[in-house]
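Each residue of the sequence shown is one higher than the one before, starting from 216 at the first, in this note's numbering.
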Amino acid sequence: MKKYIYTLSTLLLLLASTAKADEGMWLPLLLKKYNYEQMKAKGLKLTPEQLYDVNNSSLKDAIVWFNGGCTGEIISNQGLILTNHHCGYDAIASKSVKGDNILDNGFWAKNNGEEKPIPGMWVSIVIRMEDMTDRVLSEIKGTAEKDRPAKLQEIFKNITDEAKKGTGYEAQMREMFKGNAYYLFVFQKYTDIRLVGTPPQSVGKFGGDADNWMWPRHTGDFSMFRIYVNKNNEAAAYSADNVPFKPKHHLPVSLKGVKEGDYAMIYGFPGRTNRYEFSQGIELAVDKINPTIVNLRDIRLKAWKEVMDKSEEDRLKLSADYASIANYWKYFIGQTEQLKRLNVYGYKKEMETKFSSFAKGKAEYENILLNVEKAYVDYRPIALQRTYLTEGILGVSLNGFAASMLTYEKAAKNNTDTAGARKAIAAAKANAEEFYTAFFPSADEKILAQILEMYYNNIPAEQQAPYMAIILKSKGKTNTEKFKAFSALVYAKSMFSTKEKFEAFAAKPDYKKLVNDPCFAMVKSFYDHYINNYKPKVDAFNAAIGPESRGYIKGLMQMMPEKTFYPDANSSLRLTYGSVQAYEPKDAVKFTFQTTLDGVMEKYNPKDFEFQVPQKLIDLYNAKDFGDYKLENGKMPVAFITNNDITGGNSGSPVIDGEGRLIGLAFDGNWEAMSGDIVFDEKYKRTINVDVRYVLFLIDKLGGAPHIVNEMTLVK
Ligand code: ARG
C-alpha cells in the first residue's frame, strides 16, 4: 500500500500481542528481545542476527526505503530492486509518450545501457538504528508543552548531526508511542536509480480502481529498478560512468510457492497508523472528515476522467495524479464503511472505560480522558477547515499553482525582500513547465465551481473566508450559476490561466497585478483565513491532545503489563510476521488464499480499460506456456494473502519465508479490514501480495527478458 500522509486529529499506539494475532509492526532492533521465540514457533528458521545486524550483513541490507513512499527489495548482486508497479508509476508515466508509451506497452531493458535514469528518484538503506529515549527524555524534561516541538527539533538536530558526522550518511529521528520513546535511524541514500522494466499497466494495474483495496485480486503489481554507484561502490549522483551497486545482501527468490499456513514475514517502511486514536477521533472521521475528503475528491476525479477518456495523450499526462487521488478516495470510503461495520467506536469506548477505572485515583492518568473530550469540544466545530483548504481550495490545480506565489506576495509587499521575491518567481517559473503540460482549464473550471459550492454549503456561514462574499456577487439566479460564473471569470481573466500570461507576468512581476488577480485574490483570502483564524485553533488542539495521548499510552502499558506494545507506523523500518491465511469476508462466503491466471481471464473485458489483458498474455494462457512457474495443478499463480500487519508505505515490501527467501511482494490491503490503520482486526485483516512466480513468469515469458531472471538467485 502506497503511503498517504494524513492527519487524523490524534493517534495512538498500537497494541498487540495475544499469541495468535499476527498484529504488530515491530522494530527490527527489538525482535530478539520481544518476538524471536514466537517467530521461531511459527516457522522462522533464521537467527535474530540474520534478520537484523549492524556488523554483519543481514536481511535488512536488502530492504530499501523507496523514494519516501514505498518499500523495495534488492534481489540480485547487481543492485536490482523489485517494488510495486504503483510505486514506479510516476517514473514509468514520466517516461511515456504517445509513440513510446511504456506505461501501456511495458518495457524491459535488454542491457544496462537501456535502463532509464529517473532524475529525482532515490532509495535508502538502513545502516543502523538506536534507542535514544533516555537522552531525549532527559533533555526535554521541564519543557512546556507549547515549546516541545521546537525543543525536540533542536535535540533531534544535535543527535542526527552527531550520527552523520564524517560518514556521508543521512540520519532521522522518529518519535514512538506519541513521545514515550525516540529512535535514531541512520541511512545510506542512493540517488542514481534507473528503471529496468515494467509490465504493461494492463498487467501492473490490472483491475484498476475497481479492484483496488480488494481481494480476490489479479494484479501483477511490480516494476524493477537498479541502484547505480561510483566505481568504489559508493553512493553518487547520476553519472554515465556509474556502475550497478553491489549490495551487502540480496534476497534469494523462492520457486517453491506458498501453501496455507506457511510462515510469512514482511519487512518494510509502513507510513502511518493511528491505532490508539480516541473514540472522539473515530466519530469525527466517520461523520465528517472522511465523507468530506471523498466528496471533494469525487469532483476532481469525475472531471479528470472525462478528459482522460477523450485522449490517450491527455490520459498519460493525468494518469499518475489520477491514480493517487483515486487510491485514497477509495481508501476513505472503505475506512468509513469498516469503522462502522466493525463498531470501532464502540471498541474504543470500551477501552476508554477500562482505562477510566484503571486511572481512578492516579494523578498522572486521572484527567486524561476528560481533557481529551475538552479539547474535542473546541476542535469539532472547526475540524473541516483544514480539509476544505487542502483537499478543496488548494486541490484545484490552478489554485495550487497560484498558491506558490504566496511567498512572492509576502516578499514583494512593500518591497520588503527583493531577493526573496526574485527567488519565488524563479521557483514558480521552474514549476510552470510541468504544471502547464498537465493543466486542463475547462475541467479545472468545472472543479473550482463545484468545490466552491460545496464549501459554501458545508462550512458554517460565520466560518467562511471573506472572499466568499465577493464570489457570491457574480452573475446568476442561483448560487450554482454564481459559482459557475465566478469560475468562468477566473479562467478567462487570471494571469495563471495560460502559460503565456503567466510567463509575461513572471518576466515583469508586479505586486499590484498579483493581488488583484481573481485567482490569487481568492486563494490568498481562503489561505489567510485558515492561517489566521483556524490554524491557531488546530495547533492548540494538537498541543492539548499531545500530552494526553502520551499519557494514555503510558497508562495502557501499565494497565496491561503482560502485553508487548509496538509503536504506530511512522515511516521507519519494521517487520511483521504471520502466515499465509484465507478468510471469510462475510456470512457463508469463504475466500481462498490464492488467485490464478484463470481469474484474470474471467475478469478480462476488452471494453473496460481497467480489465484489458495483453494479447500475448492471452496467448500464453491458452498455450499454458507457464514455464517452471506454475502450480502443481498446472495453473499460473497470481496473488496470495497473508495475515501480516502492514499499511501504506509497505507497498513493494518483500514477503519472506522462514528461510529468508522472497515469496512475494506486498501491494495492498483488503476491503473488509480498511479500518486497519486504526484497529487491527484479526479476523479480517489481510495483506495482498503478488506471487513472486507470477513476477518471474511476466518478466521471462511476457516480457521476453529471461536475462533479468537469470540475474537473480533462484532456489527451489
Ligand atoms: N491500494 C494500493 C496502495 O495503496 C494502490 C493501488 C494502486 N492502484 C490503483 N488502482 N490506484 O498501495
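Here a beta-carbon is modelled for each residue, glycine too, at the ideal position from N, C-alpha and C.
Values in this document were obtained by computation on a predicted structure and should not be read as measured data.
Item	Value
Any heavy atom of ligand 1 within a distance shorter than 7 Å of the CB on W428?	yes
Quick one: what does DSSP say S339 is sitting in, helix, strand or coil?	strand
Quick check for students: name the residue ranges of the beta strand (DSSP E) that lie wholly in the stretch 584-670, counting only runs of 3 or more.	none
Tell me where the alpha helix (DSSP H) around W280 begins and ends.	Segment 278-281 is the beta strand (DSSP E) holding W280; no alpha helix (DSSP H) there.
For the alpha helix (DSSP H) holding G761, just list the boundary residues, first then last.	750-774
Check whether the Cβ atoms of R432 and D883 sit closer than 8 Å, and answer yes or no.	yes
Take every Cβ of the stretch 376-393, pair it with every Cβ of the stretch 305-313, and state whether three or more of those distances are shorter than 8 Å.	no
Which value, in whole angstroms, describes the spacing of the CA atoms of Y899 and E649?	42 Å
May I ask you to list the residues that DSSP assigns as paired with S291?	M927
Please name the residue in G321, M566, K366, K393 whose C-alpha comes closest to that of L410.	G321
Residues in its own chain within less than 6 Å of K247 by CB, not counting five upstream and five downstream?	P263
Under the assumption that L584 contacts S890 (Cβ atoms under 8 Å), give the Cβ distance between them as a whole number of angstroms.	That pair is no contact at about 22 Å.
Which two residues bound the contiguous beta strand (DSSP E) that contains F735?	It is not in any beta strand (DSSP E) - F735 instead sits in the alpha helix (DSSP H) that spans 733-744.
Hey, how far is the Cα of N748 from the Cα of G607?	18 Å
Return the Cβ separation of N859 and A578 in integer angstroms, given the expectation that the two are a contact with Cβ distance under 8 Å.	Contact flag wrong, Cβ pair sits at about 40 Å.
Helix, strand or coil for R441 per DSSP?	strand
Rounded to the nearest angstrom, what separates Y512 and N542 at their Cα positions?	The sequence given here places Arg at residue 512; Tyr does not occur at that position. Roughly 10 Å separates the two Cα atoms.
How is W323 classed by DSSP in three states: helix, strand or coil?	strand
Is there contact between the stretch 912-922 and the stretch 821-838, where contact requires at least three CB pairs shorter than 8 Å?	yes
Under a Cβ-count criterion, where at least 16 other Cβ atoms within 10 Å of its own Cβ denotes burial, should P205 be classed as buried or exposed?	The structure shown has nothing for residue 205, since the chain only spans 216 to 931.
Give a yes or no on whether the C-beta atoms belonging to A617 and F741 are separated by under 8 Å.	no
What is the residue span of the beta strand (DSSP E) that M480 lies within?	478-483
Please find out if some non-hydrogen atom of ligand 1 comes closer than 7 Å to the beta-carbon of H301.	yes
Please classify Q796 as buried or exposed, where buried requires at least 16 other C-beta atoms within 10 Å of its C-beta.	buried
When burial is assigned at 16 or more other CB atoms within 10 Å of the CB, is T382 buried or exposed?	exposed
With DSSP as the reference, please indicate the residues paired to F402 in a beta bridge.	V341, E385
Spatial neighbours of F717 within its chain, please: CB distance less than 7 Å, with the 5 preceding and 5 following residues excluded, ordered by chain position.	A647, M710, F711
Tell me whether M216 counts as near ligand 1, meaning its Cβ is closer than 7 Å to at least one heavy atom of that ligand.	yes
Looking at M737 and Y651, is the spacing between their C-beta atoms short of 8 Å?	no
Less than 7 Å separating the Cβ of F933 from some heavy atom of ligand 1?	Here the chain comprises residues numbered 216 to 931, so residue 933 is not present and cannot be evaluated.
Tell me R789's beta-bridge partners as DSSP assigns them.	G483
Between A700 and L499, what straight-line distance do the alpha-carbon atoms span, to the nearest angstrom?	34 Å
Tell me the DSSP secondary structure of Y304 in three-state form.	helix
Just to confirm the assignment, what range does the beta strand (DSSP E) spanning Y905 have?	Residue identity differs from the one stated: residue 905 is Val in this sequence, not Tyr. Counting along the chain, the beta strand (DSSP E) containing V905 begins and ends at 902-906.
The alpha helix (DSSP H) that contains F698, what's its start and end?	694-708
Assuming the contact rule is C-beta atoms closer than 8 Å, P705 and E624 should be a hit. Round their C-beta distance to whole Å, please.	The amino acid at residue 705 is misidentified as Pro; the sequence shows Val. Actually they are not in contact, since the Cβ atoms of V705 and E624 sit about 17 Å apart, beyond 8 Å.
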